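Top to bottom, those sequences are chains A and B. Counting in my numbering, the first sequence runs from 20 upward without gaps. Counting in my numbering, the second sequence runs from 20 upward without gaps. Just so you know, even glycine gets a beta-carbon here, dropped at the ideal spot from N, CA and C. Since the model is a prediction, treat every value here as computed from it, not as a measurement.
Number of protein chains: 2
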Amino acid sequence: MKVVDELKYDANGLVPAIIQEEGTGRVLMMAWMNKESLAKTIETRQTWFWSRSRKKFWLKGETSGHVQNVKNIAFDCDGDCLLITVEQVGAACHEGYKSCFFRSITGDETVKITEPKLVEPSTVYGKK
Amino acid sequence: MKVVDELKYDANGLVPAIIQEEGTGRVLMMAWMNKESLAKTIETRQTWFWSRSRKKFWLKGETSGHVQNVKNIAFDCDGDCLLITVEQVGAACHEGYKSCFFRSITGDETVKITEPKLVEPSTVYGKK
């Protein structure tokens, strides 16, 4: 049996996939995969996710060109979470930051932005 | 309003929390927090999670001594995922590995173990 068949998908058939940048170790984002999007990720070596709101597959970077080239796919002891190491082209975050985790909670429980914006989103996604 | 009140918890009141080791950048584990466990994490500077199966709070390391001392708490652009940087005492994984992500999917879709076991679980959790 293949590993993709043995993972523990949730009631909606999904597992969270943590995306980490090779080299820097920066955690870039978390998104959801189902068995089919994981199989497409393994096959194409680019990240495919399942959009819970749009109920469709999405290739990361399809619109922006900010694709993720897969270097390694790990899974956790419970078999219900993925850790995927990638080479990130451009910004992972749709808000234009390298990482979606560009904000932290400060000691007084307010918010600080911890990294510079790489690109203006309107230049890669078009104006709405 | 505090940040913990503004995050987007799922239908069960939970957000996934990715735990990353300070310094090495190793992603150690993923577990779930609700608003109260996040508040306890902020207050105590050690990681508290919500066990979905046991329906109770758990302090990471309460039995094993392998606690996580919190260094930073980030959250993603959608406000529905946490990235917590910690100093990890001992092994994060209950199977005795530093990281729960100690297995990877190989090119032929079999499994390889990618790191040495740090401790024998029976020595920290007792024999069952």
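Worksheet item: Cβ atoms of B/S56 and B/W69: under 7 Å apart, would you say?
Response: yes
Worksheet item: So A/L102 is in the alpha helix (DSSP H); what residue range does that whole segment cover?
Response: Counting along the chain, A/L102 falls outside any alpha helix (DSSP H), though it belongs to the beta strand (DSSP E) covering 101-107.
Item to complete: My understanding is that A/I38 touches A/V105, with C-beta atoms under 8 Å, so please give their C-beta distance in whole angstroms.
Response: 6 Å
Worksheet item: Taking 7 Å as the CB-CB cut-off, is A/I92 touching chain B?
Response: yes
Discussion item. Can you find the residues in the same chain that come closer than 8 Å, C-beta to C-beta, to B/V23, ignoring five residues on each side of it along the sequence?
Written reply: K54, L57, A58, I61
Worksheet entry | Coil, strand or helix - B/V34 by DSSP | strand
Worksheet item: Using a Cβ-Cβ cut-off of 8 Å (strictly less than) and excluding sequence neighbours within five positions of A/V138, which residues of its own chain qualify?
Response: G109, A110, G115
Worksheet item: Which class does A/E139 belong to by DSSP, given the choice of helix, strand or coil?
Response: coil
Worksheet item: What are the boundary residues of the beta strand (DSSP E) that includes B/K54?
Response: Premise fails: B/K54 lies in the alpha helix (DSSP H), 54-63, not in any beta strand (DSSP E).
Item to complete: Rank A/K117, A/S118, A/I132 by C-alpha distance to the C-alpha of A/I124 and give the top, closest one.
Response: A/I132
Discussion item. If distances are taken between C-alpha atoms only, which option among A/T66, A/D99, A/R71, A/N88 comes closest to A/L78?
Written reply: A/T66
Worksheet entry | Cβ neighbour criterion (16 or more within 10 Å) applied to A/D127 | exposed
Worksheet entry | C-alpha gap between A/S151 and B/V86, whole angstroms | An answer regarding residue 151 of chain A cannot be provided, because it is not within the stretch 20 to 147 covered by chain A.
Worksheet item: Relative to chain A, which residues along the region 120-144 of chain B have a C-beta separation below 8 Å, given in chain order?
Response: F120, F121, R122, S123, I124, E128, T129, V130, T133
Practice prompt. Determine whether the Cβ of B/V34 lies closer than 7 Å to any Cβ atom of chain A.
Written response: no
Discussion item. Please identify the residue among B/L47, B/E25, B/K75 whose C-alpha is closest to the C-alpha of B/F121.
Written reply: B/L47
Worksheet item: What is the residue span of the alpha helix (DSSP H) that A/V89 lies within?
Response: From DSSP, A/V89 is part of no alpha helix (DSSP H) but of the beta strand (DSSP E) over 87-94.
Item to complete: Note down, in chain order, every chain A residue with its Cβ under 7 Å from the Cβ of B/Q39.
Response: V46
Item to complete: Put A/E144 into one of helix, strand or coil per three-state DSSP.
Response: Residue identity differs from the one stated: residue 144 of chain A is Tyr in this sequence, not Glu. Three-state result, A/Y144: helix.
Worksheet item: Which term fits A/S72, buried or exposed, when burial requires 16 or more other beta carbons within 10 angstroms of its beta carbon?
Response: exposed
Discussion item. Can you check whether the C-beta of A/L102 is within less than 7 Å of a C-beta belonging to chain B?
Written reply: yes
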